[in-house]
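Participant:
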Amino acid sequence: MALQETTYRDALRLALHEAMQTDDTVILLGEEVGRYGGAYGVTKDLIKEFGADRVIDTPISEAAIVGTAVGAAMTGLRPVAELMYVDFIGMTMDQLANQAAKIRYMFGGQIGVPMVLRTQGGTGRSAGAQHSQSLEAYVMHTPGLRLAMPATVEDAYHLLRQSLQQPDPVVFIEHKGLYTMKGTVDADAEPVAWGQANLLRAGADLVIVTYSRQVHHALVAAQTLHSEHGINAAVLDLRTLNPLDFDTIRPLVEDAGRAMVVSEGVMTCGVAAELAARITEECFDFLEDPVVRVAGEDIPISVSPLLEQNSVPTPELIAETARKMFP
Amino acid sequence: MALQETTYRDALRLALHEAMQTDDTVILLGEEVGRYGGAYGVTKDLIKEFGADRVIDTPISEAAIVGTAVGAAMTGLRPVAELMYVDFIGMTMDQLANQAAKIRYMFGGQIGVPMVLRTQGGTGRSAGAQHSQSLEAYVMHTPGLRLAMPATVEDAYHLLRQSLQQPDPVVFIEHKGLYTMKGTVDADAEPVAWGQANLLRAGADLVIVTYSRQVHHALVAAQTLHSEHGINAAVLDLRTLNPLDFDTIRPLVEDAGRAMVVSEGVMTCGVAAELAARITEECFDFLEDPVVRVAGEDIPISVSPLLEQNSVPTPELIAETARKMFP
Amino acid sequence: MKNTTLPQLYQEMRRVRTFEERVGELFVRGQSAGSMLHLSIGEESAAVGVCARMRDGDTFTTHHRGHGIFLARGADPDRMMAEIAGKDTGYCHGKGGSMHIADMGLGHLGANAIVGGGIPAVVGAGLSARHQKSGAVSVAFFGDGATGQGILYESMNMAALWKLPVMFVCINNQYGMGTRIDQATANPDLHERAAAFGLAARTVDGLEVEDVVEAATDLMEQARGGTPAFLAIDCYRFYGHARKDKSPYREELEEEEGRKKDPVLQAREKLLTTGLMDTAELDALDDEIAREMDAAIDFAIAGEEPQMQSMFRDVYAPTEPEPEPVRTRLDRILAQG
Amino acid sequence: MKNTTLPQLYQEMRRVRTFEERVGELFVRGQSAGSMLHLSIGEESAAVGVCARMRDGDTFTTHHRGHGIFLARGADPDRMMAEIAGKDTGYCHGKGGSMHIADMGLGHLGANAIVGGGIPAVVGAGLSARHQKSGAVSVAFFGDGATGQGILYESMNMAALWKLPVMFVCINNQYGMGTRIDQATANPDLHERAAAFGLAARTVDGLEVEDVVEAATDLMEQARGGTPAFLAIDCYRFYGHARKDKSPYREELEEEEGRKKDPVLQAREKLLTTGLMDTAELDALDDEIAREMDAAIDFAIAGEEPQMQSMFRDVYAPTEPEPEPVRTRLDRILAQG
Ligand SMILES: Cc1ncc(C[n+]2csc(CCOP(=O)(O)OP(=O)(O)O)c2C)c(N)n1
Ligand SMILES: Cc1ncc(C[n+]2csc(CCOP(=O)(O)OP(=O)(O)O)c2C)c(N)n1
Ligand SMILES: [Mg+2]
Ligand SMILES: [Mg+2]
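Protein chains in written order, with the working numbering: chain A, 1 to 327; chain B, 328 to 654; chain C, 655 to 991; chain D, 992 to 1328.
1. Please report the straight-line C-alpha distance between R540 of chain B and P578 of chain B, rounded to a whole angstrom.
2. What does the Cβ neighbour count give for V1019 of chain D, buried or exposed, with the cut at 16 atoms within 10 Å?
3. Beta carbon of E288 of chain A: closer than 7 Å to some heavy atom of ligand 1?
4. Pull up the DSSP beta-bridge partners for V512 of chain B, would you.
5. Counting only Cβ-Cβ distances shorter than 7 Å, please list the residues of the stretch 737 to 768 of chain C near chain A, keeping chain order.
6. In this structure, what does DSSP give as the bridge partners for G690 of chain C?
7. Please list, in chain order, all residues of the same chain as M655 of chain C whose beta carbon is under 6 Å from its beta carbon, the five residues on each side excluded.
8. List the residues of chain A whose Cβ lies closer than 9 Å to the Cβ of M467 of chain B, in chain order.
9. DSSP puts Y1166 of chain D in a beta bridge; with which residues?
10. Quick one: is the Cβ of Y1166 of chain D within less than 7 Å of any heavy atom of ligand 4?
11. Buried or exposed for M831 of chain C, please, with buried defined as at least 16 other CB atoms from any protein chain shown within 10 angstroms of its CB.
12. Under the rule that 16 or more other beta-carbon atoms within 10 Å means buried, what is L907 of chain C, buried or exposed?
13. Does G880 of chain C get closer than 8 Å to chain B when you measure Cβ to Cβ?
14. Distance cutoff 8 Å, beta carbons only. Does P960 of chain C sit that close to anything in chain A?
15. Going along the stretch 44 to 55 of chain A in order, which residues come within less than 8 Å of chain B, judged by CB to CB distance?
16. Output the distance between the C-alpha atoms of Q655 of chain B and G451 of chain B, rounded to the nearest integer angstrom.
17. Using the three-state DSSP reduction, which class does A560 of chain B fall into: helix, strand or coil?
18. If I measure Cβ to Cβ from T184 of chain A and keep anything under 8 Å in the same chain, skipping five residues before and after, which residues do I get?
19. Find the residues of chain D that neighbour G455 of chain B, judging by a C-beta separation of less than 9 Å, and give them in chain order.
20. With a floor of 3 residues, list each beta strand (DSSP E) that falls wholly inside the stretch 1090 to 1176 of chain D, ordered by position along the chain.
21. So that I know if they touch, is there some Cβ in chain C lying closer than 8 Å to that of S388 of chain B?
22. Comparing the CB of R1228 of chain D with every heavy atom of ligand 4, is any distance shorter than 7 Å?
23. Considering just the uninterrupted stretch of the beta strand (DSSP E) at D57 of chain A, what are its terminal residues?
24. Three-state secondary structure (DSSP) at A262 of chain A?
25. Report the three-state DSSP secondary structure of V969 of chain C (helix, strand or coil).
26. Tell me which same chain residues have a C-beta within less than 8 Å of the C-beta of E674 of chain C, skipping the five on either side of it?
27. Going by Cα to Cα distance, which pick from C:L925, C:Q837, C:G957 and C:Y664 is closest to G34 of chain A?
28. Thinking I887 of chain C and V823 of chain C are a contact (beta carbons under 8 Å), I'd like their distance in whole angstroms, please.
29. Less than 7 Å between the CB of D1196 of chain D and some heavy atom of ligand 3, yes or no?
30. Curious, which full-length beta strand (DSSP E) runs of at least 3 residues does the stretch 846 to 874 of chain C contain?
31. With a Cβ-Cβ cutoff of 8 Å, do D732 of chain C and A949 of chain C count as a contact?
32. Can you name the residues of chain A whose CB is closer than 8 Å to the CB of I987 of chain C?
33. With 16 as the cutoff for other CB atoms within 10 Å, does Q1298 of chain D come out buried or exposed?
34. Helix, strand or coil for Q1327 of chain D? Go by DSSP, reduced to three states.
35. Can you give me the C-alpha to C-alpha distance between T1319 of chain D and R620 of chain B, rounded to a whole angstrom?
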């Protein structure tokens, strides 16, 4: 198989498929993961191959789905729970933040909770305020939870495989706007290591630090900046927000002297705030300008496509903002 | 009555009492708010005066408590729901973030949700990982929710009264370590306006921006810094995190050239990150040093008092850190 | 009491049916905002039968499949369709869409895209009604899938404990997305759960709208009197979960059988056989409704998109400052340098 | 099957009773970590009666009032008491305390300070047991107050749907803090709810421990066979909710009556009247237990506090880097300047 042309969605499925084949303790559970194949088709047909005991359709009970995964993970299974939309995380936050995240610590290291919570977020489908959010900040603010957010087809595969090898709970957030994106996966290649950021474009003038779908927006913007304005922007895909690979960020920012962070989540108290604060703290003497945050507006998302699209960073906004950093 | 020696706890009760007396639509609901008088005694005896129809003991159903408050607020009541510990917010986040916070927006401005969610957080009682957290960042990251966190006895009274006059949902987080603190309330005095920060100590060398119990730690530290090191630190109590009074922060930081933010919540992706990022963005050219974050460790809270106390900022850590800013 | 004769009930059901057909058309014409459109075709008797017993001042919340309920409560099809198209002329100025539509004037406290999300609000509305001595009932409409959500039980428990004028209406169309009710619970007799919490509880077959009216009359009276009630209405989801779902997880035979349980046709037949209306009258009525709903489509399509600046409006009350746009903020920050 | 003769059951119940009395003492002596100590005095038959039917390999979770259950499942009183004192020598090295105690060796998946928080984990453990064909049952112990939490119903529904070897044990001590069960629900016959979800469900009076054993035997067998079960055990919370609560919300008369339902004394009486044990034997046993629990107090007090550096341990697996302490980080940052 090795090198494979595929989509983000199918790369995710491939990762699940391989994990289930090689490890009998891997089970999937969630709403519509079985017969329906997942709301976005990620788990399509897995039930046919692995049966209803390992691909478990659940009632609409988000809190208990996560709680069930916690109990399963503590007793020898490797559950992959699916939360259909990250917007529903509010119903699961107690099980996620008070149970999954804290069990190892509260119990003095006796046991971990090696589960993966797969979900998806972001705008792009006119789905309105309760189906379009980017809520990774809630997770990043919760010690004990790992957080992976793949931007590319390769990472859809490799990060999910890696998440399934973590000893601690991983929240794995896909982006609904990326499922049909095409790319290649080399299942045999050595992947970028878990917890390492990936420099997708080099550039000496400015470092754009981002993740998930905004990686692509940043790449488009970087291209524009280069071709139209002669500005060379590096684009760094963080891949995981916990662990956060600051060792890769630091030298890039020190060299460029200018950094921008881009996140689809709302700006206030979000991931962009953490990244900006940290870069500033660690690289202060090297910064020509304040670290610039380009993030989601501090508002809910509308169903109107026009308002929806403009509620989160666009390639244009990224490019325009970067340009203003070089007056 | 006017000027009154009282405690933080009783000042809160006074505010509720007056609101209930002057406005018949104010109701309280929550676990143990009635006969028991509240887990920390804030609602003591209110049921005797206002009856069980207005001071409503609920089953242990946090999600539905918040949901009930939402429905009541939409239909003409002014509910004050109590969440016994902010640690339980995980069970209510859907009702809070997907309903209360978004209803006005989603419905195109037809109606607001004028409810107050009173709760308390913080360390100090060896209550362990699930009863000692400071989770205000989840709230601050949710557009549509106001967020008030009183540090003083006066504010316990005035901020709660003001919260009860807001047109939008307010999450009101008390600190369990402050309930027995003594102070005075002048119910007739003109309070600091809603949404305004309060400069509790002036100081030209450094601005410490903080809120809730850490205000007191900062004041102790500022005293030490002054008397032992001749460093003059200003202490600014934010009082509300949404709205955030940046207009007061800006000139103070521009004058001092140095800022520290202090928060009991865990550091990563927390309130301290937002404050640091924002101060840096807005005051970059005035800063001698990076804005320093003194915040909770990125770990759960232990029941062991020793570990508990050292998991969050202490006056010593604040003072020591500030001192290092002046090498 | 309005809308309780069979001709009236038929008319309302037909309006719902035709409206939903037009929603499908709006989607096909690429004029809806997205594809998250959930049609209530096959469930008309639930919406119309229960709403027939609601009064001015009563309030309600619905699930994501709530067009029919709102319409049966008196919604303006124009503004509904415009909202579904994401237009400024819609009920929520294009911010809410199909799944988050509301109208305070009609007591509609909101549709909800969170399964179960709108349920506890009726407990709060029940508290208000009691406080105000308004005599109003508050009704939560939701699907069988919502019986998986814990908040339903929390809410029913509170309503029963506090004896609130509240009613829970479970529209059991047999499916939550691709999951049949017997794949979601070991005991599909859903009303038994409500009874165990102390509510007055029944299940009724939705085929005959008059049966639904009868059950709703009984239970709503109890609810109004302080015995909260639960009504499960059995019906069948004729089409896919949302506009793009072709229900591959259902047998064709099952679908055929299911679609035979058509409350609209059933009422039409009965009107004919009892002689209450003749074919010509019915056709004329259907045509009139078709024109009404065609007009709704036109209204929706003609409507303006919301203005960009409206994006920052209504996050907070109009008396409050709007959130600062990222762009404005960035300009200010970058202007420093 | 161990621990099912009355002398054995009595012994276990007495151990629980005495342990809890010593916990109270630890608090009075200022040696406990905080005051969030919830004694199960009056509820011993629930813990002992159900645990008598559990086997090696079975797993369980408890609520915040779980000392008795853990002890009845074989916990070491020394390490329990040390944990309650927040010491490094405790089960969780002083991080968990009374409300978050656990021991994987004994299948204790954890006590929980979140009412209802530990319930869904048994569904997961049930999935594991089925997957591993281990024959194990997983038992969730919780209080009557937890019946207010929606997650209980979500969990029961799943267990019944999937026919898992899972048991739900509701220790109904009549109170959730200051709220009597009839102030928390309109229908206090709690097992009816479980039955409505398709579980095997019963309520048993906890006065006679043998009745509890009988009910547990029946239901646990069903659970092991794939019919999940629910057992409510009626008893009375003899003292306040936690150590500082004097229960001012209860009538003295009610308390007096309630404390007459004492399963430990009841068993003692029965041992005497049936002649299974005489007073001397019982006194000797009680004394031996008193010494065991005195030793636990001594062990707890003698234990070391956790080391400061342990604060950063076990947030993540030992193979992972520990979180950087704020102090280290600040030093690094400030060293730049
Ligand atoms: C909390 C939550 N979980 C899952 C979903 C995704 N979802 C939308 S509708 C639906 C099925 C709901 O079934 P039911 O309640 O029976 O309503 P119906 O669609 O049949 O009208 C699901 C799972 C959601 N919107 N909200
Ligand atoms: C989610 C949650 N809500 C509220 C509390 C506060 N609280 C702790 S114990 C308790 C009462 C629990 O009653 P019950 O379940 O009957 O257990 P009991 O204390 O009687 O053993 C409450 C309300 C909590 N710890 N967790
Ligand atoms: Mg359905
Ligand atoms: Mg109890």
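Each residue gets a CB set at the ideal place from its N, CA and C atoms; glycine is no exception.
Facilitator: Judging by the given coordinates:
1. Within the second sequence, numbered from 1, the residue matching residue 540 of chain B stands at position 213. Within the second sequence, numbered from 1, the residue matching residue 578 of chain B stands at position 251. If you take the alpha carbons of R540 of chain B and P578 of chain B, they lie about 24 Å apart.
2. Reading the fourth sequence from its first residue, position 28 is the one you call residue 1019 of chain D. Answer is exposed; the Cβ neighbour count stays below 16.
3. Numbered from its first residue, the first sequence carries residue 288 of chain A at position 288. For ligand 1, not one heavy atom lies less than 7 Å from the Cβ of E288 of chain A.
4. Numbered from its first residue, the second sequence carries residue 512 of chain B at position 185. Partner(s): B:Q331.
5. So the close ones are G740, G748, K749, G750, G751, M753, H754, A767 and I768.
6. For the purposes of this step, residue 690 of chain C is taken as the residue at position 36 of the third sequence. One point to set straight first is that residue 690 of chain C is Met, not Gly, in the sequence displayed. Under the DSSP definition of a beta bridge, M690 of chain C lacks any partner.
7. As a position in the third sequence, residue 655 of chain C is number 1, starting the count at 1. Unreliable positioning characterises M655 of chain C in this predicted model, as indicated by a pLDDT of 47, which lies under 50. The coordinate reading is nonetheless provided below. The answer is none, since no qualifying residue turns up.
8. What you label residue 467 of chain B is simply residue 140 of the second sequence in a count that begins at 1. Simply T268 and C269.
9. For the purposes of this step, residue 1166 of chain D is taken as residue 175 along the fourth sequence, with counting starting at 1. In DSSP, Y1166 of chain D forms a bridge with D:R1171.
10. For this step, residue 1166 of chain D is matched to residue 175 along the fourth sequence. Yes, the beta carbon of Y1166 of chain D sits closer than 7 Å to at least one heavy atom of ligand 4.
11. Mapped onto the third sequence, residue 831 of chain C falls at position 177. M831 of chain C is buried by the Cβ-count criterion.
12. On the third sequence, position 253 is the one that residue 907 of chain C refers to. The residue is exposed, with fewer than 16 neighbouring Cβ atoms inside 10 Å.
13. Looking up residue 880 of chain C in the third sequence gives position 226. Not one chain B Cβ lies under 8 Å of G880 of chain C.
14. Translated into the one-based positions of the third sequence, residue 960 of chain C becomes position 306. Chain A has a Cβ within less than 8 Å of the Cβ of P960 of chain C.
15. none
16. The shown model of chain B, from 328 to 654, leaves out residue 655 of chain B, and the question about it has no answer.
17. Translated into the one-based positions of the second sequence, residue 560 of chain B becomes position 233. Reduced to three states, the DSSP call for A560 of chain B is strand.
18. Locating residue 184 of chain A in the first sequence gives position 184, where the first residue counts as 1. Once the five neighbours on either side are set aside, the close Cβ partners of T184 of chain A are L3, Q4, E5, T6, V153 and E154.
19. Within the second sequence, the letter at position 128 stands for residue 455 of chain B. A1024, G1025, M1027, K1086, G1087, G1088, S1089, M1090, H1091 and A1104, listed in chain order.
20. 1129 to 1134 and 1157 to 1163
21. Walking along the second sequence from the start, residue 388 of chain B turns up at place 61. True, the Cβ-Cβ gap to chain C drops below 8 Å.
22. Residue 1228 of chain D sits at position 237 when you count from the first residue of the fourth sequence. True, at least one ligand heavy atom lies under 7 Å from that Cβ.
23. Locating residue 57 of chain A in the first sequence gives position 57, counting from the first residue. Note, D57 of chain A: beta strand (DSSP E), V55 to D57.
24. Numbered from 1 along the first sequence, position 262 holds the residue referred to as residue 262 of chain A. A quick correction: the sequence has Val, not Ala, at residue 262 of chain A. Here V262 of chain A sits in strand by DSSP.
25. Numbered from its first residue, the third sequence carries residue 969 of chain C at position 315. Looking at V969 of chain C - three-state DSSP - the assignment turns out to be coil, as it is neither helix nor strand.
26. Position 20 of the third sequence holds residue 674 of chain C. Contacts found: L693, S694, I695, H721 and G722.
27. Counting from one through the first sequence, the residue named residue 34 of chain A turns up at place 34. Checked all of C:L925, C:Q837, C:G957 and C:Y664; the closest Cα to G34 of chain A is C:Q837.
28. Numbered from 1 along the third sequence, position 233 holds the residue referred to as residue 887 of chain C. Numbered from 1 along the third sequence, position 169 holds the residue referred to as residue 823 of chain C. The pair is a contact, with the Cβ atoms about 7 Å apart (cut-off 8 Å).
29. As a first step, residue 1196 of chain D must be located in the fourth sequence, where it is residue number 205. Not so, every heavy atom of ligand 3 lies at least 7 Å from the Cβ.
30. 854 to 859
31. Here the question's residue 732 of chain C lines up with position 78 in the third sequence. Here the question's residue 949 of chain C lines up with position 295 in the third sequence. Result yes, Cβ atoms of D732 of chain C and A949 of chain C sit closer than 8 Å.
32. Counting from 1 along the third sequence, the entry for residue 987 of chain C is found at position 333. Within chain A, the residues near I987 of chain C are P290 and V292.
33. Taking the first residue of the fourth sequence as 1, we reach residue 1298 of chain D at position 307. A residue is called buried when at least 16 other Cβ atoms come within 10 angstroms of its Cβ; Q1298 of chain D does not meet this threshold and is exposed.
34. Within the fourth sequence, the letter at position 336 stands for residue 1327 of chain D. Of the three classes helix, strand and coil, the one that applies to Q1327 of chain D here is helix, per DSSP.
35. Taking the fourth sequence and counting its residues from 1, the one referred to as residue 1319 of chain D is at position 328. Taking the second sequence and counting its residues from 1, the one referred to as residue 620 of chain B is at position 293. Rounded to the nearest angstrom, the two C-alpha atoms are 12 Å apart.
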